[in-house]
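Chemist: This structure is in structure tokens; I'll ask about it shortly.
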């Protein structure tokens, strides 16, 4: 009989860190799913990130309906905001933003190369066609190549 496997259960919950400049350094704000309660938020941040949580406050925000030009309606979904206070006077610091070089290295699965867009790709496309047109046919003489390109052949001289 095989040994039992240890199962690790990771919640399928997305916490979005919200920039709130008016909060003190001991607090952090998150946007969380509607179905998550205060106990879930405390346990998630403690178990996954190892934070010591003193207090969790949640606020539910109703969604709005905006009337766009032309009579179309656009809906902003409802959301829940959680403000977490860290225990023992710990302070929260924002993670550093990645450098531009690091962002340039990241490629999404459906992201194309930058060379496939813009003027450079069009230049390459036309350069290939122009190079094929200018290349003379094999076995052709210079005069035949000159006449095919539109130039007049030099007059024949007799001596």
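In the working numbering, the protein residues as written are 67 to 225. We treat Cβ as the ideally placed atom computed from N, Cα and C, and that holds for glycine.
(1) Is it the case that the Cβ atoms of residue 117 and residue 152 are separated by a distance below 8 Å?
(2) For residue 158, which of 67, 76, 122 and 90 has the nearest alpha-carbon?
(3) Check for me: the alpha helix (DSSP H) holding residue 93 runs from which residue to which?
(4) Would you mind reading off the limits of the alpha helix (DSSP H) that contains residue 108?
(5) From the DSSP output, in three-state form, read off residue 170 for me.
(6) Hey, quick one: how far does the beta strand (DSSP E) through residue 148 stretch, first residue to last?
(7) Among 134, 163 and 85, which has the Cα closest to the Cα of residue 149?
(8) Who are residue 83's beta bridge partners in DSSP?
(9) Compare the beta carbon distance of residue 138 and residue 131 with 8 Å and say whether it is the shorter of the two.
(10) Is residue 69 helix, strand or coil by DSSP?
(11) Identify which residue in 133, 78, 166 and 70 has its Cα closest to the Cα of residue 107.
(12) Considering only C-alpha positions, which residue in the set 136, 94 and 113 is nearest to residue 123?
(13) How big is the Cα-Cα spacing for residue 162 and residue 135?
Modeler: Reading it off the structure:
(1) yes
(2) 90
(3) Not the alpha helix (DSSP H): residue 93 falls in the beta strand (DSSP E), residues 93-98.
(4) 104-115
(5) helix
(6) 145-152
(7) Minimum Cα-Cα distance from residue 149 among the listed residues 134, 163 and 85 corresponds to 85.
(8) DSSP lists 96 as partners of residue 83.
(9) no
(10) Correct three-state label for residue 69: coil.
(11) 78
(12) Per the Cα distances, 94.
(13) Taking the straight line joining both Cα atoms gives about 40 Å.
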